[in-house]
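Quick notes on the structure that follows.
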Amino acid sequence: MKKLCIGITGGIASGKSHVAHILSSLGYEVIDADLISKQLTQKAQPIYNNIIQVFGKEFIDESEELNRKKLAEFIFHNPEQREVLNSISHPYIINEIKRRIKISSQEILFLDIPLLYEAHLESLCDKIVCVYLNKETQIKRLMEREQISNSYAIAKINSQLSLEKKKEMADFVIDTKGSFHQTEQNVIELVKQIKELKPW
């Protein structure tokens with residue numbers, strides 16, 4: 097059976113998780129790259145062991161689980177170490193995404209990959225959706241969500257490829273500046289457009 101793989105990407109606080117949740121509630125399978133990453137970095141998993149070996153035991157907590165928040169802050173302030181971390185984790189995550197695509201019985205699959213373009217994973221997708229939000233609103237939502245300053249929110253957003261660029265590169269765009277209900281209607285319309293692609 098031919099499967100249509102739709103990549104979902106966006107930026108921090110752009111509403112991507114909400115869009116993925118709506119798709120799941122509509123009955124579609126969503127393969128979540130962040131969730132896979134969390135599963136594969138649990139204690140004794142291969143990525144966990146490699147991270148501790150490279151970065152040290154200072155990045156594990158009292159229960160010996162990976163302290164993801166501490167590691168995220170470290171690589172945010174040390175971009176060259178982000179590349180090291182990605183070189184450790186991405187091969188495992190990509191292989192697991194491919195495995196889940198292969199075993200899925202669904203004709204249409206959604207791949208929730210926040211850093212899809214940054215990690216050059218376009219080849220996994222037949223089409224790509226950008227969950228878009230104007231930068232001013234994105235900054236405001238991130239400040240409210242994480243209780244951080246304006247300057248820190250801007251720095252975190254600027255560490256990713258801009259949503260304007262992602263919007264240009266994507267096949268479909270969902271703007272989430274409106275209400276949750278409006279976003280839900282936008283997702284339903286997106287699904288209709290995707291179904292019209294058949295036969296693929």
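Residue numbers (our numbering): 97 to 296. Heads up, the beta-carbon is just placed ideally off N, CA and C, and yes, glycines get one too.
Here L131 carries a helix assignment [DSSP, helix/strand/coil]. DSSP, read as helix, strand or coil, puts K223 in strand. Beta-carbon to beta-carbon, S110 and Y213 are separated by about 13 Å, too far to satisfy the 8 Å threshold. As DSSP reads the structure, F151 sits in no beta bridge.
The Cβ neighbour count for A129, taken over all protein chains shown within 10 Å, is at least 16; the residue is labelled buried. With fewer than 16 other Cβ atoms inside 10 Å of its own Cβ, K166 counts as exposed. Out of R164, I193 and Q149, the CA that lies nearest to the CA of E125 is found in I193.
Within the region 210 to 257, the complete beta strand (DSSP E) runs of at least 3 residues fall at 223 to 228. In the three-state scheme derived from DSSP, where H, G and I count as helix and E and B as strand, T137 is classed as coil. Contact annotation: the region 129 to 145 touches the region 189 to 207, with at least three C-beta pairs closer than 8 Å. The count of Cβ pairs closer than 8 Å, one atom from the region 274 to 283 and one from the region 103 to 117, reaches three, so the stretches are in contact.
Inclusion of K263 and C226 in the CB contact set at 7 Å is warranted, their separation being smaller than that value. The Cβ-Cβ distance between G103 and L207 falls below 7 Å. With respect to the C-alpha of K261, the residue from E242, L211 and N145 having the closest C-alpha is L211. Rounded to the nearest whole angstrom, the CA to CA distance from N163 to E176 is 19 Å. Collapsing the DSSP output to three states places T279 in a helix. Where I197 is concerned, the enclosing alpha helix (DSSP H) starts and stops at P175 to I199. It is roughly 42 Å from the alpha-carbon of S200 to the alpha-carbon of S245. The alpha-carbon of L205 is positioned some 25 Å away from that of S258.
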